[in-house]
């Protein structure tokens, strides 16, 4: 099958799916409306759909009962933010929006599923679909792993993708080895003793302690992290229990994250993070509690598989899209890491800029982000073409 040609023929259907999902975003792992919509589309193709985890969905395409199995993954959750895109199909759910583009991923995988199902007789193995919630909260992939996504049958490899409004249309970026950072999201709660601001000696200043703690954490990267590696430790939120100008707060809560490509360095920095919090707090007569909201490894791609998929991608998208010259690394994170540490994995970034030369001024996680919908058939064809090529190479 000419997957690119067929994807363009299915463009109106793929557009419909994307816009329906975009208008009704849901967050986390509780996605009843999103899952119901995707299930209806898959069942309409004649697929047997199974729930995996809380809201995840999976289905198999292929007539074989044994042989190679490739997992195709799309994340489907939205962000807890208010959309400001001005699109006619913008979010109808206040405080929730598909500003990362996962609606595009779901529509692309639905499009790929339609084409692969149409071409099922020619497939030399099976394709396992993975529609995954909870990527933004970091627990969706783990939830589907616990639900048995790697069982009955067990995939041999995995493929994922992400749209990028900051890259021109038709550019496909790729990774080599470590591609997304690890992400450890933490909350620091500093507890002191409240008192009047005019009598600081009668209390324990949790706010002053927190200020020194932030500076101490920055020093971890400046003086203890290997400068040849990439590491980011950021505190992005701070809130005290006091809103008055003359009362020292009883407690201060800070939120931040640690990101790195190097898992050994990650272990070291996490250990030092705990020590710095404990001993800095003691210096100011306070206590500090460290809690982790979510933790995930770096996404490390299988270089041999990535190179193989690049061949199928180029063959499938010839004339419509092209690979970026050099591999890229993203400082963001993706809980696809939980898959890439268990299966050989490949991953691509699909340019969704306004034209073939420029990016959009607003990109992922911005309330004003938009994605060029011309990227949709490109992504659908990419997934389907790579899947068939990978199976064909492993046919007995």
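In this note's numbering, the protein residues as written are 9 to 404. Backbone N, C-alpha and C define an ideal beta-carbon position, used for all residues, glycine too. Predicted, not measured: the structure shown is a model, and the values here were computed from it.
Helix, strand or coil for residue i? Go by DSSP, reduced to three states.
i: residue 50; result: helix
i: residue 245; result: strand
i: residue 279; result: helix
i: residue 296; result: strand
i: residue 386; result: helix
i: residue 105; result: strand
i: residue 285; result: helix
i: residue 44; result: helix
i: residue 187; result: strand
i: residue 37; result: coil
i: residue 236; result: coil
i: residue 113; result: helix
i: residue 204; result: strand
i: residue 199; result: strand
Among the options, which residue has its Cα nearest to the Cα of residue i?
i: residue 301; options: 196, 269 and 247; result: 196
i: residue 159; options: 9, 360 and 351; result: 351
i: residue 180; options: 373, 396 and 357; result: 357
i: residue 286; options: 224, 340, 367 and 323; result: 224
i: residue 400; options: 291, 306 and 128; result: 128
i: residue 69; options: 392, 125, 33 and 16; result: 125
i: residue 379; options: 269, 24 and 108; result: 108
i: residue 268; options: 282, 121, 97 and 238; result: 238
i: residue 189; options: 32, 156, 29 and 345; result: 345
i: residue 86; options: 389, 145, 293 and 384; result: 145
i: residue 250; options: 173, 277 and 205; result: 205
i: residue 366; options: 226, 143 and 173; result: 173
i: residue 62; options: 43, 261 and 15; result: 43
i: residue 272; options: 243, 233, 289 and 293; result: 233
i: residue 98; options: 64, 263 and 29; result: 29
i: residue 59; options: 375, 156, 382 and 304; result: 156
i: residue 162; options: 397, 318, 193 and 136; result: 136
Within 10 angstroms of its Cβ, does residue i collect 16 or more other Cβ (buried), or is it exposed?
i: residue 320; result: buried
i: residue 175; result: buried
i: residue 254; result: exposed
i: residue 2; result: The shown model of the chain, from 9 to 404, leaves out residue 2, and the question about it has no answer.
i: residue 334; result: exposed
i: residue 387; result: buried
i: residue 117; result: buried
i: residue 274; result: buried
i: residue 336; result: exposed
i: residue 32; result: buried
i: residue 397; result: buried
Should residue i and residue j be called a contact, given that it needs their Cβ atoms to be closer than 7 Å?
i: residue 183; j: residue 11; result: no
i: residue 178; j: residue 329; result: yes
i: residue 57; j: residue 134; result: no
i: residue 377; j: residue 348; result: no
i: residue 229; j: residue 241; result: yes
i: residue 138; j: residue 81; result: yes
i: residue 215; j: residue 248; result: yes
i: residue 187; j: residue 325; result: no
i: residue 49; j: residue 199; result: no
i: residue 115; j: residue 22; result: yes
i: residue 112; j: residue 24; result: no
i: residue 79; j: residue 15; result: no
i: residue 36; j: residue 103; result: no
Rounded to whole angstroms, what is the Cα-Cα separation between residue i and residue j?
i: residue 110; j: residue 219; result: 37 Å
i: residue 312; j: residue 353; result: 9 Å
i: residue 54; j: residue 341; result: 34 Å
i: residue 140; j: residue 83; result: 5 Å
i: residue 147; j: residue 343; result: 7 Å
i: residue 2; j: residue 93; result: Because the chain in this structure spans residues 9 to 404, residue 2 falls outside the shown range and cannot be described.
i: residue 256; j: residue 245; result: 18 Å
i: residue 121; j: residue 51; result: 11 Å
Closer than 7 Å, CB to CB, is residue i near chain C or not?
i: residue 391; result: Of the protein chains in the structure, only one exists, and it is not chain C.
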